[in-house]
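What follows is a single structure, written as structure tokens, with notes after it.
Protein chains in written order, with the working numbering: chain P, 709 to 763; chain G, 100 to 334.
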């Protein structure tokens, strides 16, 4: 990049960088949501199990 | 499961708005850097992600000390939640740095002190999660986790200081760096605004994610407790 007249054409790298940054943040949030859903299901299942035992 | 607290709903909304503004500042408000071109815009979220990683590990060490002093399991939850977030954001920091380095350093990776110390820090905290998964007794898991978080924290200042104490090609944003650094640039006032705003936004992102992660951990403990109660009741 020495002695260059104009900024380097690095748009693709910027897009890749933000795809990785935003993609990983989104993945983490989706994973949190899925873990929440799984635990809620577990709790409902345990409630049903307890009701069944009492009967 | 209790409904989402009003404070968390407000924090979600505020963080969302801040994030959109930060993206606008980074992509459209901050000027294009004269030498590196568009890829320099990765810098704003790259540093902000690194900041969240460090902040998360600082919170984990504070939580570790608090747990050892008080024995309150809520501090153990804070430590684990914070480390998980720290691992994700440190990984974002490392990967985005690698993408920036490709056109600027002409390589995806080099054995530079900053890159090595950041990767070691990431591995130290991945090992923290693995250590916890290997211990069944909750008391021991929390105690070992707290001690590990305190000892492992040495990797955080080492990573931060590595570009100041070792010979490196990694640019230094605040303070003076090695003259051999490649990819350094002077921030214009608009760049500084975008940079500071990104740091603020990511701090909000961290607080929001931590709150959600703590709620998840509380729910997880509730499920585990119910399982034990049911097993004990059925026996």
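Cβ atoms here follow ideal geometry from the backbone N, Cα and C, with glycine treated the same way. Just so it is clear, the structure is predicted and the values come from calculations on it, not from any experiment.
Can you tell which of the options has the C-alpha that lies nearest to the C-alpha of residue i?
i, options, result
"residue 204 of chain G", "G:134, G:326, G:239", "G:134"
"residue 228 of chain G", "G:330, G:175, G:191", "G:175"
"residue 195 of chain G", "P:745, P:733, P:751", "P:733"
"residue 154 of chain G", "G:131, G:186, G:173", "G:186"
"residue 119 of chain G", "G:201, G:301, G:329, G:319", "G:301"
"residue 101 of chain G", "G:314, G:256, G:140, G:324", "G:314"
"residue 244 of chain G", "G:165, G:114, G:140, G:148", "G:165"
"residue 749 of chain P", "G:299, G:235, G:331, G:322", "G:322"
"residue 231 of chain G", "G:145, G:242, G:286", "G:242"
"residue 320 of chain G", "G:207, G:330, G:173, G:217", "G:173"
"residue 141 of chain G", "G:217, G:193, G:268, G:288", "G:193"
"residue 113 of chain G", "G:268, G:161, G:308", "G:308"
"residue 156 of chain G", "G:287, G:123, G:217, G:129", "G:217"
"residue 206 of chain G", "G:288, G:268, G:312", "G:268"
"residue 169 of chain G", "G:107, G:256, G:238, G:103", "G:238"
"residue 211 of chain G", "G:103, G:224, G:299, G:266", "G:266"
"residue 256 of chain G", "G:226, G:160, G:288, G:290", "G:160"
"residue 727 of chain P", "G:130, G:103, G:115, G:145", "G:145"
State yes or no: is the C-beta of residue i within less than 8 angstroms of the C-beta of residue j?
i, j, result
"residue 721 of chain P", "residue 264 of chain G", "no"
"residue 182 of chain G", "residue 305 of chain G", "no"
"residue 719 of chain P", "residue 137 of chain G", "yes"
"residue 158 of chain G", "residue 293 of chain G", "no"
"residue 163 of chain G", "residue 248 of chain G", "yes"
"residue 270 of chain G", "residue 716 of chain P", "no"
"residue 143 of chain G", "residue 261 of chain G", "no"
"residue 316 of chain G", "residue 179 of chain G", "yes"
"residue 117 of chain G", "residue 252 of chain G", "no"
"residue 184 of chain G", "residue 148 of chain G", "no"
"residue 724 of chain P", "residue 326 of chain G", "no"
"residue 240 of chain G", "residue 234 of chain G", "yes"
"residue 289 of chain G", "residue 123 of chain G", "no"
"residue 287 of chain G", "residue 130 of chain G", "yes"
"residue 107 of chain G", "residue 310 of chain G", "yes"
Let me see if you follow: with CB-CB separation under 8 angstroms, is residue i close to chain P or not?
i, result
"residue 181 of chain G", "no"
"residue 136 of chain G", "yes"
"residue 319 of chain G", "yes"
"residue 261 of chain G", "no"
"residue 190 of chain G", "yes"
"residue 195 of chain G", "yes"
"residue 140 of chain G", "yes"
"residue 108 of chain G", "no"
"residue 269 of chain G", "no"
"residue 187 of chain G", "yes"
"residue 199 of chain G", "yes"
"residue 329 of chain G", "yes"
"residue 202 of chain G", "yes"
Measure from the C-beta of residue i to each C-beta in chain G and report whether the shortest distance is under 8 angstroms.
i, result
"residue 716 of chain P", "yes"
"residue 742 of chain P", "no"
"residue 725 of chain P", "yes"
"residue 738 of chain P", "no"
"residue 756 of chain P", "no"
If we ignore side chains and look at the alpha-carbon of each, how far apart do residue i and residue j end up?
i, j, result
"residue 177 of chain G", "residue 213 of chain G", "28 angstroms"
"residue 759 of chain P", "residue 332 of chain G", "12 angstroms"
"residue 757 of chain P", "residue 318 of chain G", "18 angstroms"
"residue 737 of chain P", "residue 713 of chain P", "43 angstroms"
"residue 188 of chain G", "residue 735 of chain P", "12 angstroms"
"residue 329 of chain G", "residue 752 of chain P", "13 angstroms"
"residue 258 of chain G", "residue 220 of chain G", "7 angstroms"
"residue 740 of chain P", "residue 295 of chain G", "28 angstroms"
"residue 236 of chain G", "residue 731 of chain P", "35 angstroms"
"residue 139 of chain G", "residue 222 of chain G", "27 angstroms"
"residue 200 of chain G", "residue 224 of chain G", "24 angstroms"
"residue 208 of chain G", "residue 729 of chain P", "18 angstroms"
"residue 226 of chain G", "residue 743 of chain P", "21 angstroms"
"residue 115 of chain G", "residue 121 of chain G", "10 angstroms"
Go through the region 101 to 135 of chain G residue by residue and report every complete run of the alpha helix (DSSP H) that reaches 4 residues or more, in order. 105 to 123
Can you give, in chain order, each stretch of the alpha helix (DSSP H) that sits fully within the region 249 to 315 of chain G and has at least 4 residues? 254 to 264
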